[in-house]
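Q: Pasting a structure below so you can have a look.
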Amino acid sequence: MEIRDFWKATLRQDAAAMRRFFAPGARVRWHNTNEAFSAEEFVEVNCEYPGAWDGEVERVERSGELIVTAVRVFAAGGGPSFHVVSFFHVRDGKIVSLDEYWGDDGAVPQWRLDKKIGRAIK
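Its first residue numbered 1, the sequence shown is counted upward by one per residue in UniProt numbering.
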């Protein structure tokens, strides 16, 4: 399974293409909001989300049947952006489970700026 193709389909909100990546009975969990979805519900949530989206895969790690990705997702044309870390359990080239952790991108908190703790990554 080519995980970058999954992300291309997801960012295009291409439901038909997304469905092809999932095994029957696949489950998806979004831990930040304590939600569980069937694969079909996951496709619906992603394709119904308002607006057009884009993104870039920043990191991919593989270990046996586990694929981990870190992806920056952002509103096409400007607006909010997020980072998502996704843990894909893949069997026979299909996703059988997916656990995702989403976070809003944002500015460094003022208290850390005041203390001069940390520095920009890029």
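Quick reminder that beta carbons are idealized off the backbone N, C-alpha and C, glycines included.
Because the structure is a prediction, the values reported are computed rather than measured.
Does the contact criterion of 3 or more C-beta pairs under 8 Å hold for the stretch 49–66 versus the stretch 20–36?
A: They do not touch, by the three-pair rule.
Q: Could you give the uninterrupted runs of the alpha helix (DSSP H) lying entirely in the stretch 82–122, keeping only those of 4 residues or more?
A: Whole alpha helix (DSSP H) segments, 4+ residues: 110–115.
Q: Let me check understanding here. Comparing Cα to Cα, which of W102, D14 and K115 lies closest to P80?
A: Looking at the Cα atoms, W102 is the closest of the given residues.
Q: Relative to the C-alpha of A22, which residue among R91, H83 and F82 is closest?
A: In the sequence under discussion, the amino acid at residue 22 is Phe, which differs from the Ala named in the question. Among R91, H83 and F82, the Cα nearest to that of F22 belongs to R91.
Q: What are the start and end residues of each continuous beta strand (DSSP E) run of 3 or more residues lying completely inside the UniProt domain "SnoaL-like" (3–97), in chain order?
A: Here the runs fully enclosed are 22–30, 35–38, 53–63, 66–75 and 81–91.
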